[in-house]
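Have a look at the structure below before the remarks.
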DNA sequence: ACAAAGTAAGTGAACACTAACATACATTTT
DNA sequence: AAAATGTATGTTAGTGTTCACTTACTTTGT
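As structure tokens, this is what we get:
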């Protein structure tokens, strides 16, 4: 599934609308306005509104997977790897805040099964990378083995997600990277031997 | 702001619809159907759809505040108090899953300022109780003082929220209380001296 | 008799989406 | 070199459906 340049522009505009004003703000009318063309032109690039969202989520999942894979390769040491993974995430969302919606869309939306599946896929990708790093860290003795890797991963992910939520709710008014790094360092400190 | 019995029935039905099928499923038509009366009858009890949601959030915030206050009074010891607070939360949402929406609504909705404010109020109430318990625990030496109370509260809240999200996404297919207790115990263990 | 709580039948606005047609530009045919 | 054709990408002007909400009237219980 390759995404054409014009499609990417539309996807980014759609993400902007959702991130700025909520999901209800993503209408074909407003999306067309933001693209400076008519509603009908949208349908030259996508078959439906749903397809726009599904394509966005697919694009985002692939992007995150690639990025986390390359970060993992660059940082063999588990504690440092987790730190670098989240740093990469903060950096990405700072530069592409329009994709923040994908983090929070879960749980309330249920607009369609395809959209739910797209959101789920992003969660799964992230958990896979994090869990792998934590298991490595437990084997090497860097992380505590007092609790299952699942549990540690859950605590770290929960910390990350709440941080992103607070950033979004504050109108992205603080330095997500700086504050996020501090939080992840604190959480890592708690689970480090 | 007192809520009449019939209003409470409507609020609960509205919460059910959102929790079952997402926010888009909350329409006046479907809500009236669930109440076994017509759309017009809704407007005998509320002035608008927004008012239904705002009243629900207000009700929920008051409820949570009362409950956490009484739990806090019953458990003077900080570690045990935090444990009991979350146990009370798990119990409540197990019995009233229709209010799960209020946990996840944040961040994507932005349907109106009044609704956002209602959601924010719930978050604030919870944080106030948790932060107070953690500060007590730091003073008594039960919790680590290696990190600020804010940070510890953030990690616990994030863990809780992600747990509730997973419960909801799984279709509430596991015992939220049992698994939740285990998670909170693990998180508390990490921040305990 | 009166107020509370219901109904039937609608309102205009907003929604996602479509049909028919226009333009720009690259490629192919003559 | 000029004309014809094809394809991508737009426009205008709609479609039917669903939305939250309203008006006028009716029933029910005290």
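Protein chains in written order, with my numbering: chain A, 62 to 254; chain B, 62 to 254. C-beta: ideal position from N, C-alpha, C; glycine also.
Excluding five sequence neighbours on each side, which residues of the same chain lie with their C-beta closer than 7 Å to the C-beta of residue i?
i	result
residue 110 of chain A	89
residue 249 of chain A	140, 143 and 144
residue 100 of chain A	89, 90 and 93
residue 198 of chain A	139, 140 and 204
residue 158 of chain A	80 and 233
residue 196 of chain B	210
residue 183 of chain A	118, 121, 122, 125 and 163
residue 87 of chain A	75, 78 and 79
residue 244 of chain A	220 and 224
residue 152 of chain B	238
residue 161 of chain A	80, 154, 225 and 229
residue 190 of chain B	129, 133 and 146
Return helix, strand or coil for residue i, following the three-state DSSP convention.
i	result
residue 204 of chain B	strand
residue 89 of chain B	helix
residue 99 of chain B	coil
residue 109 of chain A	coil
residue 72 of chain B	helix
residue 125 of chain A	helix
residue 82 of chain A	helix
residue 137 of chain B	coil
residue 104 of chain A	helix
Could you tell me if residue i is buried or exposed, where buried requires 16 or more neighbouring beta carbons within 10 angstroms of its beta carbon?
i	result
residue 156 of chain B	exposed
residue 185 of chain B	exposed
residue 235 of chain B	exposed
residue 187 of chain B	buried
residue 98 of chain A	exposed
residue 222 of chain B	buried
residue 135 of chain B	exposed
residue 102 of chain B	exposed
residue 200 of chain B	exposed
residue 175 of chain A	exposed
residue 229 of chain A	buried
Please return the same chain residues whose Cβ sits closer than 6 Å to the Cβ of residue i, not counting the five positions on each side in sequence.
i	result
residue 173 of chain B	111
residue 217 of chain B	248
residue 166 of chain B	180
residue 225 of chain A	164
residue 68 of chain A	106
residue 219 of chain A	none
residue 231 of chain B	none
Using C-beta distances below 8 Å, list every residue in its chain close to residue i, excluding the 5 sequence neighbours before and after it, in chain order.
i	result
residue 194 of chain A	133, 139, 142, 143 and 146
residue 149 of chain B	128, 129 and 132
residue 254 of chain A	202, 203, 204 and 205
residue 71 of chain B	92, 96, 103, 106, 107 and 113
residue 63 of chain B	none
residue 116 of chain A	62, 64, 68, 72 and 107
residue 32 of chain B	Nothing can be reported for residue 32 of chain B: it is not among the residues displayed for chain B, which extend from 62 to 254.
residue 242 of chain A	144, 147, 148 and 151
residue 82 of chain B	none
Closer than 7 Å between beta carbons: that is the criterion. Which residues of the region 210 to 221 of chain B meet it against chain A? 212, 215, 216, 218, 219 and 220
Quick check for students: name the residue ranges of the alpha helix (DSSP H) that lie wholly in the region 147 to 203 of chain A, counting only runs of 4 or more. 162 to 165 and 174 to 201
Could you please tell me which residues of the region 184 to 208 of chain A, in chain order, have their CB closer than 9 Å to any CB of chain B? 184, 205, 207 and 208
Going along the chain, which residues of the region 63 to 87 of chain A sit with their C-beta nearer than 8 Å to a C-beta in chain B? 79, 82, 83, 84, 85 and 86
When Cβ atoms are compared, which residues of the region 222 to 236 of chain B fall closer than 9 Å to chain A? 222, 223, 224, 225, 226, 227, 229 and 230
Which residues, taken in chain order from the region 236 to 248 of chain B, show a beta carbon closer than 8 Å to some beta carbon of chain A? 243, 244, 247 and 248
Taking any Cβ of chain B, which residues in the region 86 to 106 of chain A have a Cβ under 7 Å from it, in chain order? none
Enumerated in chain order, which unbroken segments of the beta strand (DSSP E) with a length of 3 residues or greater are wholly contained in the region 208 to 254 of chain A? none
Pull out every residue of the region 114 to 127 of chain B whose Cβ sits closer than 9 Å to any Cβ of chain A, in chain order. none
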